[in-house]
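Same order as they appear, the protein sequences are chains A and B. Letter 29 of the first sequence, counting from 1, is numbered 29 in this note's numbering, and no numbers are missing. In this note's numbering, each residue's number is its place in the second sequence (first place is 1) plus 259. Even glycine gets a Cβ: it sits at the ideal position worked out from N, Cα and C. Encoded as structure tokens, the structure appears first; notes follow it.
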Amino acid sequence: MKAIAARRNHRFAPVVLLLLALLVTGGVYAALMPSPAVAAAADQSDIEGGKALFRANCATCHGPSAEGREGVPSLVGVGAASVDFQVSTGRMPMQQNGPQAAAKPPQFDEEQISQLAAYVASLGPGPAIPPQEQVDPAGGDAANGMALFRTNCAMCHGSIGKGGALSEGKYAPSLAGSTPTQIYEAMVTGPQSMPVFNDANLSPDEKQDIIAFLEEQKAGSPGGTDLGAIGPVAEGLWVWVVGIGLLIGCAVWIGAKSS
Amino acid sequence: MSTSTTAAQRAAGGTADYLDQRTGISLAVKNFARKIFPDHWSFLLGEIALYSFVVLLITGVFLTLFFVPSMGLVEYEGPFAPMNGVEMSEAFASTLDLSFEVTGGLLMRQIHHWAALLFMASIVTHMMRVFFTGAFRKPREVNWLVGFILMILGLAAGFTGYSLPDDVLSGNGLRITDGVVKSIPIVGSYMSYFIFGGEFPGEHIIPRLFTVHILLVPALILALIGLHLFFVVLHKHTHFPGPGRTERNVVGFPLFPVYVAKAGGFFFVVFGVLALMGGTMTINAVWNYGPYDPSPVSAGAQPDWYMLFLEGSLRLMPGQGTEWDLWGYTLSLNVLIPAVVIPGILFTLLAAYPFIEAWATGDKREHHVLDRPRNAPVRTATGVAILTAFFILILAGSNDLIATHFALSINDITYVFRVLFLVTPFLAFWATKRICLGLQRKDRELVLHGHETGRVVRFANGEYIEVHKPLDEYERWIRVHHEPRRPLEIEPAEDEHGVRRKGYRMDAIRARASRFFYEDRVEPVTPAELAAAHSHGEHDALPAGEPETQEIGAGSGGGRHAVTGAPLPDEGDTPRPSVQDH
Chain A
1 MKAIAARRNH
11 RFAPVVLLLL
21 ALLVTGGVYA
31 ALMPSPAVAA
41 AADQSDIEGG
51 KALFRANCAT
61 CHGPSAEGRE
71 GVPSLVGVGA
81 ASVDFQVSTG
91 RMPMQQNGPQ
101 AAAKPPQFDE
111 EQISQLAAYV
121 ASLGPGPAIP
131 PQEQVDPAGG
141 DAANGMALFR
151 TNCAMCHGSI
161 GKGGALSEGK
171 YAPSLAGSTP
181 TQIYEAMVTG
191 PQSMPVFNDA
201 NLSPDEKQDI
211 IAFLEEQKAG
221 SPGGTDLGAI
231 GPVAEGLWVW
241 VVGIGLLIGC
251 AVWIGAKSS
Chain B
260 MSTSTTAAQR
270 AAGGTADYLD
280 QRTGISLAVK
290 NFARKIFPDH
300 WSFLLGEIAL
310 YSFVVLLITG
320 VFLTLFFVPS
330 MGLVEYEGPF
340 APMNGVEMSE
350 AFASTLDLSF
360 EVTGGLLMRQ
370 IHHWAALLFM
380 ASIVTHMMRV
390 FFTGAFRKPR
400 EVNWLVGFIL
410 MILGLAAGFT
420 GYSLPDDVLS
430 GNGLRITDGV
440 VKSIPIVGSY
450 MSYFIFGGEF
460 PGEHIIPRLF
470 TVHILLVPAL
480 ILALIGLHLF
490 FVVLHKHTHF
500 PGPGRTERNV
510 VGFPLFPVYV
520 AKAGGFFFVV
530 FGVLALMGGT
540 MTINAVWNYG
550 PYDPSPVSAG
560 AQPDWYMLFL
570 EGSLRLMPGQ
580 GTEWDLWGYT
590 LSLNVLIPAV
600 VIPGILFTLL
610 AAYPFIEAWA
620 TGDKREHHVL
630 DRPRNAPVRT
640 ATGVAILTAF
650 FILILAGSND
660 LIATHFALSI
670 NDITYVFRVL
680 FLVTPFLAFW
690 ATKRICLGLQ
700 RKDRELVLHG
710 HETGRVVRFA
720 NGEYIEVHKP
730 LDEYERWIRV
740 HHEPRRPLEI
750 EPAEDEHGVR
760 RKGYRMDAIR
770 ARASRFFYED
780 RVEPVTPAEL
790 AAAHSHGEHD
800 ALPAGEPETQ
810 EIGAGSGGGR
820 HAVTGAPLPD
830 EGDTPRPSVQ
840 DH
């Protein structure tokens with residue numbers, strides 16, 4: 001303790017203190033961070049329960065019978081897949097107006113989501129939530145998925161789905177955290193700026209191939225940390241920060257004994 | 260023990276003697292070993308470039324052992340599942356093999372690519388050092404040009420290198436190159452056909468790039484590095500201003516043993532950092548992009564950082580109304596201006612700057628003592644303006660990533676950058692020049708009046724004075740050594756007979772350039788001014804035993820004069836022997 005006290009005026013003391021403070025803050029945040037809802041097994045959905053949830057949480061914008069209004073889409077005929085995608089990714093209920101609804105931790109648990117989906121599906125026919133075996137990455141061909149992804153998805157989502165910019169503040173989100181079901185639902189329902197890829201554009205098997213390709217990306221990069229997998233800009237940034245940074249540090253050290 | 264040492268020594272001596280008798284090398288070794296180099300960390304920046312080039316050669320040789328520079332089509336069979344059975348060029352397939360099957364191949368690829376980025380980054384940093392310290396002045400203008408060509412060759416090496424794997428991303432880059440070449444009026448389409456051996460992409464570009472990348476460009480770089488270093492030895496190294504450092508000497512340490520150890524050690528540091536980066540950070544993950552196919556372009560398609568300014572320039576250029584159809588020929592100003600004219604202006608300015616400055620200054624003497632950047636405000640401001648333009652273009656080339664990472668609208672970013680690109684270089688020039696002049700004024704102030712000590716002394720008559728500590732010799736020398744630079748004076752337009760003088764108009768232009776450089780200036784403190792400032796101190800000197808005598812005068816000489824000139828109300832109480840003054 002005495003040794004620490006003696007060094008409290010050392011010129012690196014503020015740096016050490018700052019690092020300690022950051023460490024403590026980070027630790028506390030990690031301990032108290034809200035954890036994403038754990039999915040419970042899906043029950044037989046209840047349209048009435050979904051209707052009550054809809055009235056309480058969605059009707060303000062979408063209208064009491066989901067008919068929509070100006071600027072807010074009608075939900076009649078969007079199908080269970082659309083509800084499941086929007087609500088399970090936290091995009092709906094929407095937090096605030098903006099160029100597009102952002103993903104956030106979902107507000108409802110799995111049972112409530114299936115109730116909401118059942119209710120909206122009861123309003124008119126639309127795409128259903130795909131069965132598990134339809135979205136199972138193991139059943140897809142990653143190489144074919146790669147080719148399909150490059151032609152159909154990469155111009156917005158980037159080469160391996162790390163996201164990209166669209167016009168006026170809209171964006172194609174990163175697909176890294178999406179579940180196979182959500183990816184499939186997004187393709188069939190075309191949320192926000194995304195086009196719909198119906199079964200004539202991409203057959204269900206091809207959709208599964210794309211899911212398999214995206215699942216391959218979760219293995220990470222064989223070359224070390226992927227620097228966000230956003231391409232040469234990040235590499236350029238890091239060569240200046242790490243490469244030139246470290247080497248100028250070393251140069252100062254080597255040249256320090258200046259005459 | 261001693262005998263073995265003797266034996267070793269004898270062997271070494273014998274070898275040296277054998278070599279010396281046959282090559283006369285001892286003279287060269289002796290001269291070279293005693294060559295003096297000055298010590299400063301910024302003199303090591305060029306070494307980073309040299310060492311990353313050595314690393315590039317070593318890793319590059321390894322890569323050539325496995326890379327197949329062919330556009331022949333094969334079907335990939337290998338451990339990387341997302342490519343299995345995909346048709347691709349042999350170049351791409353061999354790059355995948357290098358990455359996933361050759362032992363140490365991925366490490367070598369990544370070190371090679373990081374070294375390439377570092378090579379360019381260190382060249383740019385080194386150039387900044389040379390530019391801002393005025394190390395390009397006579398006799399080193401030619402070496403500046405050699406360095407400039409090395410930078411261009413570095414760009415060429417990088418560009419030809421990252422196109423080799425024949426992946427989608429680098430293919431996009433080649434497609435842009437094709438477009439840029441085609442935008443050149445009249446010869447463009449012929450040149451494009453010449454480069455690609457037909458319509459893009461053709462089947463020749465990869466083998467051609469390979470030859471350029473592994474033979475032509477490295478040989479040129481190696482030769483020019485030799486020339487560059489030869490000039491460094493010939494001209495001797497510049498040094499920063501300091502006591503004892505003049506235009507006629509070099510103050511530093513001998514090459515052997517000091518710099519042999521430092522520079523040799525630094526090579527391993529550079530190699531170590533590159534190996535660390537290559538071992539831990541993915542670079543150019545070609546397996547993500549897939550084999551080249553002219554149809555897809557993915558989001559986030561950018562070139563390596565040193566080409567990013569070109570990408571940004573293209574992204575900023577408005578497309579509508581800038582493509583003209585003239586007599587059946589297309590003039591693509593939307594490509595020609597951002598990709599040819601703007602880089603042309605930036606690079607020409609950079610290459611020609613030493614000659615422009617020498618012309619405007621009219622200075623034909625040799626310079627071996629470096630300038631402090633503040634003492635050349637227009638030069639420093641020009642450099643900052645070029646860097647600002649370059650940096651804005653780099654940011655514009657990353658506009659989609661700025662949009663996604665900072666939740667901004669890409670349209671707004673582009674509009675803002677268009678304005679910034681045209682405005683900020685001028686703002687940066689103005690601000691830098693003002694800051695430089697301000698720093699020079701501060702230097703002047705310090706030399707004349709010394710450091711503030713924060714000690715306030717009250718005299719018996721009630722006057723307060725802050726004690727200033729004069730600069731020591733070393734501090735003062737750095738702030739006063741430079742010579743004043745003034746605009747050129749030109750002879751009048753007509754001689755005494757009223758005849759118009761030849762060459763007057765050229766002189767007038769030159770004088771205007773010179774005024775642009777040196778009209779706003781802060782003159783360095785002259786010995787007379789320094790003496791005057793100090794003599795005030797002597798007038799106001801306090802009786803012995805008061806240590807702050809000198810400083811007081813230096814701090815407020817002018818103010819005191821007025822006081823000493825006036826009749827003092829209470830002469831007896833004032834401890835100021837200003838009597839001699841009257």
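Just checking my contact of residue i with residue j at CB under 8 Å: how many whole Å lie between their CB atoms?
| i | j | result |
| --- | --- | --- |
| B:T673 | B:R574 | 7 Å |
| B:L514 | B:F302 | So it is not a contact: roughly 13 Å between Cβ atoms. |
| B:T318 | B:M367 | 5 Å |
| A:G231 | B:Q369 | Going by Cβ atoms, the distance from A:G231 to B:Q369 rounds to 15 Å, so no, they are not a contact pair. |
| A:I183 | A:I211 | 5 Å |
| A:A143 | B:M342 | 6 Å |
Take residue i as the anchor and find which of the options has the nearest alpha-carbon.
| i | options | result |
| --- | --- | --- |
| B:S329 | B:K701, B:L730, B:S348 | B:S348 |
| A:I129 | A:A3, A:A30, A:V78 | A:V78 |
| A:F149 | A:L227, A:D209, A:G169 | A:D209 |
| B:F568 | B:H627, B:G656, B:T639, B:I307 | B:G656 |
| B:F776 | B:T641, B:L355, B:G337, B:A415 | B:T641 |
| A:M155 | A:V120, A:E185, A:M194 | A:M194 |
| B:H496 | B:V327, B:V405, B:L679, B:H299 | B:H299 |
| B:R507 | B:G461, B:H472, B:L629 | B:L629 |
| B:V716 | B:V726, B:E625, B:H710, B:H708 | B:V726 |
| B:T691 | B:R714, B:N634, B:L681, B:T712 | B:N634 |
| B:L660 | A:E48, A:S174, A:G49 | A:S174 |
| A:P105 | A:F213, A:G177, A:G27 | A:G177 |
| B:W546 | B:V427, B:R703, B:V405 | B:V427 |
When DSSP builds the beta bridges, which residues end up paired with residue i?
| i | result |
| --- | --- |
| B:Y724 | With the sequence shown as reference, residue 724 of chain B is identified as Ile, and Tyr is not the correct amino acid for it. Answer by DSSP bridge pairing, in chain order: B:V716. |
| B:S591 | B:E582 |
| B:P513 | B:I295 |
| A:G164 | A:A172 |
| A:T225 | B:M540 |
| A:V72 | A:R69 |
| B:R759 | B:E753 |
| B:D426 | B:P550 |
| B:E711 | B:H727 |
Between which two residues does the beta strand (DSSP E) holding residue i run?
| i | result |
| --- | --- |
| B:M347 | 346 to 348 |
| B:V509 | Looking at the DSSP string, B:V509 is not in any beta strand (DSSP E), and its letter there is neither H nor E. |
| B:E334 | 332 to 334 |
Pull up the distance between the alpha-carbon of residue i and that of residue j, whole angstroms please.
| i | j | result |
| --- | --- | --- |
| A:S203 | B:G430 | 29 Å |
| A:G91 | B:T663 | One point to set straight first is that residue 91 of chain A is Arg, not Gly, in the sequence displayed. If you take the alpha carbons of A:R91 and B:T663, they lie about 17 Å apart. |
| B:A842 | A:Q95 | Residue 842 of chain B falls outside the range modelled here, since chain B spans only 260 to 841, and no answer is possible. |
| B:G531 | A:A101 | 46 Å |
| B:F378 | B:D584 | 42 Å |
| B:P802 | B:I724 | Confidence is the limiting factor: at B:P802 the pLDDT is only 42, short of 50, which leaves the residue's position unreliable and the question unanswerable from this model. |
| A:D199 | A:V188 | 8 Å |
| B:R467 | B:N670 | 38 Å |
| B:Y588 | B:S448 | 11 Å |
| B:V333 | B:V345 | 8 Å |
| B:S554 | B:P577 | 24 Å |
| B:D799 | B:E782 | Model confidence at B:D799 stands at a pLDDT of 47, short of 50, so the residue's coordinates are unreliable; what they give is reported in the following sentence. Near 26 Å, if we compare the C-alpha coordinates of B:E782 and B:D799. |
| B:V706 | B:A787 | 12 Å |
| A:Y119 | A:E215 | 31 Å |
| B:T639 | B:K728 | 31 Å |
| A:L247 | B:R631 | 23 Å |
| B:L475 | B:V446 | 24 Å |
How is the alpha helix (DSSP H) around residue i delimited, first residue to last?
| i | result |
| --- | --- |
| A:V314 | Outside the shown range of chain A, which is 1 to 259, sits residue 314 of chain A, and nothing can be said about it. |
| B:E704 | 669 to 708 |
| B:W403 | 400 to 422 |
| B:E734 | 732 to 739 |
| B:I615 | 601 to 620 |
Against residue i, what residues of chain E qualify as contacts under a CB-to-CB distance less than 9 Å, listed in chain order?
| i | result |
| --- | --- |
| A:V135 | Protein chains A and B are contained in the structure displayed, whereas chain E is not. |
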